[in-house]
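A.B. asks:
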Amino acid sequence: MYRMTVLYPPPTDPDHFREYYVNTHLPLAARLPGLRAMRYSLDVSGAGAESPYFAIFEGEFDSAEAMAAAMSSPEGKAVAADVPNYASGGAQILHFAPIEGS
Numbered sequence: 001m002y003r004m005t006v007l008y009p010p011p012t013d014p015d016h017f018r019e020y021y022v023n024t025h026l027p028l029a030a031r032l033p034g035l036r037a038m039r040y041s042l043d044v045s046g047a048g049a050e051s052p053y054f055a056i057f058e059g060e061f062d063s064a065e066a067m068a069a070a071m072s073s074p075e076g077k078a079v080a081a082d083v084p085n086y087a088s089g090g091a092q093i094l095h096f097a098p099i100e101g102s
């Protein structure tokens, strides 16, 4: 499994972010080829301190190659091009192969 995590800093208009992200952006992301699962959280809070992030997205792919193919596809390019429409604070993208522990 290979995971993509997207971290969104607080936007200038949280209400617009929530509405656009849920109703427009997530349906685009759901069409990424090879996407096995996705989850997201809004209004993220910190433990004992203010969170530097407003929202978090996680997408799972079979491999790094599958994720790269998804992001270079027309659907992936559409997802990337859509980010400025709601994320005024930008987005930080991380990707990695998670290690399962016992």
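Going left to right, the sequence shown walks through residues 1 to 102 as full-length UniProt numbering numbers them.
We put the CB at the ideal spot given by N, CA and C, even for glycine.
Out of Pro33, Arg3, Met4 and Gly59, point me to the one whose CA is closest to alanine 69's CA.
C.D. replies: Translated into positions along the sequence shown, residue 69 becomes position 69. Comparing Cα-Cα distances from alanine 69 to each of Pro33, Arg3, Met4 and Gly59, the minimum goes to Pro33.
A.B. asks: Answer with buried or exposed for alanine 97, where buried requires no fewer than 16 other C-beta atoms within 10 angstroms of its C-beta.
C.D. replies: Taking the sequence shown and counting its residues from 1, the one referred to as residue 97 is at position 97. By the 10 Å Cβ count, alanine 97 comes out exposed.
A.B. asks: Identify whether arginine 3 lies in helix, strand or coil by the three-state DSSP scheme.
C.D. replies: Within the sequence shown, numbered from 1, the residue matching residue 3 stands at position 3. Of the three classes helix, strand and coil, the one that applies to arginine 3 here is strand, per DSSP.
A.B. asks: Who pairs with histidine 95 in a beta bridge, going by DSSP?
C.D. replies: Sequence index remark: in the sequence shown, residue 95 carries index 95 (1-based). DSSP lists Met4 as partners of histidine 95.
A.B. asks: Apply the 10 Å Cβ neighbour rule to glycine 76 and answer buried if 16 or more other Cβ atoms are within range, or exposed otherwise.
C.D. replies: As a first step, residue 76 must be located in the sequence shown, where it is residue number 76. By the neighbour-count rule (16 or more Cβ atoms within 10 Å), glycine 76 is buried.
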